Every structure is written in C-alpha cells, then in structure tokens.
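Data first, discussion second: the structure below is written as structure tokens.
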Amino acid sequence: MMSLGAKITASLIKLYTYKYRKNHLSLSRSVKFKNKKYSPPKNYSFEIKEFSGIKMEILSPIAPNEQYVVVHFHGSGSTQKMNSMYRKVAEKICKLSNALVYSIDYHTGEELVYPSVHNECYYAYVNLMSTILKDKKIILIGDSFGANVLLSICLRLRDKNLPLPNAIVSISCCIDLAAIGSSYKKNCYRDPLYSLPKNQSFEKYENDIRRKIKYIGTASPYDMFLSPAYGEYHSFPPMLIQWAKLKLLKVTMIFYMKKH
Numbered sequence: 099m100m101s102l103g104a105k106i107t108a109s110l111i112k113l114y115t116y117k118y119r120k121n122h123l124s125l126s127r128s129v130k131f132k133n134k135k136y137s138p139p140k141n142y143s144f145e146i147k148e149f150s151g152i153k154m155e156i157l158s159p160i161a162p163n164e165q166y167v168v169v170h171f172h173g174s175g176s177t178q179k180m181n182s183m184y185r186k187v188a189e190k191i192c193k194l195s196n197a198l199v200y201s202i203d204y205h206t207g208e209e210l211v212y213p214s215v216h217n218e219c220y221y222a223y224v225n226l227m228s229t230i231l232k233d234k235k236i237i238l239i240g241d242s243f244g245a246n247v248l249l250s251i252c253l254r255l256r257d258k259n260l261p262l263p264n265a266i267v268s269i270s271c272c273i274d275l276a277a278i279g280s281s282y283k284k285n286c287y288r289d290p291l292y293s294l295p296k297n298q299s300f301e302k303y304e305n306d307i308r309r310k311i312k313y314i315g316t317a318s319p320y321d322m323f324l325s326p327a328y329g330e331y332h333s334f335p336p337m338l339i340q341w342a343k344l345k346l347l348k349v350t351m352i353f354y355m356k357k358h
C-alpha cells in the first residue's frame with residue numbers, strides 16, 4: 099500500500115511528465131538532464147579513471163569498507179551519459195554502503211544499437227573485476243536500462259564460468275524489450291513516468307505504451323542478453339529486484355553485509 103508521501107510524489111511526477119506522456123515521448127530522449135561540474139560531499143573523494151577505454155567515476159568515503167565495492171550502472175537508456183542526477187544516486191549508494199562506488203560512464207548516442215553498450219560494459223567490468231577488484235566482494239547496482247546491462251553481464255559471466263558478483267540490486271529494471279507483459283494494460287494509467295493520460299484509451303495507443311526502443315536494432319527482443327527477462331537465473335548470487343526508493347538500499351546493504 100502506498101504511503102501518503104508516495105502518492106503525493108507520484109502525483110507531482112505525473113504532472114511534470116504529462117506533456118511527454120500525452121505525446122508518447124521517451125523521457126530519456128526528451129528530458130534534458132543537468133550536468134554541471136561535480137563536487138563530492140565533504141569527507142568523500144572523487145576521481146575519474148579509464149578502464150578498457152571506458153570512463154569510470156569513483157566515489158569513496160575517507161575510510162571506506164575495505165571488503166566491499168559497489169559497481170553502479172546508471173539508467174536512462176543508451177541516450178543519457180552519467181549526469182548530475184546519477185551522481186546523486188552514487189552519493190546515496192556510497193553513504194549507505196560506506197564502500198567505494200565505481201559508476202560506469204558508458205558511451206551513449208541515438209545511433210547506438212545492440213550489442214554496443216552491452217559489450218562495452220561487459221568488457222569494462224571483466225577488466226575491472228580481474229584486476230583492481232579481484233580481491234574484493236562486489237555488489238552490482240543498476241536501475242532501468244542499467245539494470246538490464248547489469249543482468250546481461252551476469253548471465254554472460256555465468257555462461258562463461260567466470261566469477262559472479264557477491265550480490266545484485268536491480269531497481270525498476272527494464273528487462274523485457276519485447277514489451278509483451280500484461281502489466282502494460284493493467285497499469286496503463288498508474289505509472290507516473292509512462293502512463294497514458296486518462297482521456298486516451300489503451301486499445302488506441304497500445305503500440306505507443308508498449309514502446310520499442312531504437313537500441314534493439316535488428317536483434318531479437320527475446321534474446322536473453324538483450325532482454326534478461328528471458329534468461330535463466332540458476333547459480334546466481336543473492337539478488338534484490340525492487341521498484342522502491344533508494345532509501346531502502348540501506349536495509350539491503352546492512353542485511354547483506356551482516357549475512358556475509
């Protein structure tokens with residue numbers, strides 16, 4: 099059951115996104131995210147490094163947990179680079195976990211098609227895992243398209259008999275690019291980001307709400323490495339799939355670290 103605060107927040111988001119929803123526009127392609135110069139919070143360090151040709155932003159507390167690191171895959175599809183909003187997400191993760199956070203700043207662009215971003219992130223993570231992080235316990239966190247890439251990487255690691263991370267957190271995961279689920283109709287007026295306005299019928303605008311992203315290209319949307327919803331998850335580490343706010347990550351992190 100939604101709290102009053104959550105209902106108010108959802109209503110405000112619906113109001114903000116109305117002009118995009120009524121014209122069935124992609125938020126990740128339409129909304130301009132701020133990307134001002136970043137200054138880390140007091141008592142945190144920040145640096146940008148490159149691994150396998152991929153930029154990574156590293157945020158660290160002054161005295162981080164030496165056992166764990168977090169690798170963060172931001173969302174917004176293949177069109178938005180790491181930006182001010184996702185740096186705030188990395189800050190939240192860093193504060194809740196007291197661990198170094200590596201945010202992968204993968205290449206983005208309207209012209210990119212599968213498997214470009216997936217391959218880029220896979221090889222960047224494998225390089226990071228096998229060198230700098232080889233003696234660390236690794237937690238992977240991703241939201242939306244970032245969760246898609248994260249799960250795709252783990253499926254590939256498992257199938258290649260390579261080490262998997264120690265835990266996974268998947269937030270608002272965009273993992274069925276075939277867009278065939280019944281929830282599209284069930285929640286067509288409820289989702290604050292992509293729902294239809296009340297004066298538009300699902301029957302008329304079904305193809306718009308079951309949006310197929312350009313990144314699919316000529317690939318099959320049922321390919322489990324593009325749409326991890328169609329993968330098998332045997333032999334996976336502990337995984338949390340959630341659609342709630344990031345503040346719940348505190349409970350998740352504390353629970354995992356106490357258990358391991």
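Using our numbering, the final residue of the sequence shown is 358, and nothing's skipped along the way. Cβ atoms here follow ideal geometry from the backbone N, Cα and C, with glycine treated the same way. All figures in this text were calculated on a predicted structure; none of them were measured in a lab.
- Boundaries of the beta strand (DSSP E) around Leu157: Ile152 to Pro159.
- Collapsing the DSSP output to three states places Ser268 in a strand.
- Setting aside the 5 residues that flank it on each side, Asn133 is surrounded in the same chain by Asn181 and Ser182, each with a C-beta closer than 7 Å to its C-beta; the list follows chain order.
- Where His216 is concerned, the enclosing alpha helix (DSSP H) starts and stops at Ser214 to Ser228.
- Lys235: member of the beta strand (DSSP E) spanning Lys235 to Asp241, first to last residue.
- A distance below 6 Å between beta-carbons, with the five flanking residues on each side excluded, links Ser176 to the following residues of its chain, in chain order: Thr206, Leu210, Val215 and Tyr313.
- Apart from sequence neighbours up to five positions away, the residues of its chain that approach Arg309 with a beta-carbon distance below 8 Å are His122, Ser124, Ala277 and Tyr292, ordered along the chain.
- In the DSSP secondary-structure assignment, Met337 is bridged to Ile266.
- Gly151 counts as exposed, since fewer than 16 other C-beta atoms from the protein chains shown sit within 10 angstroms of its C-beta.
- Inclusion of Cys219 and Ala245 in the CB contact set at 8 Å is not warranted, their separation being larger than that value.
- A Cβ-Cβ distance of about 6 Å is found for the pair Tyr118 and Ser128, placing them in contact under the 8 Å criterion.
- The Cβ atoms of Tyr331 and Tyr320 lie no closer than 8 Å to each other.
- Contact check between the segment 228-240 and the segment 257-266: three or more CB pairs, one atom from each, fall below 8 Å, which counts as touching.
- Looking at the DSSP output, His170 bridges to Ser201 and Ile239.
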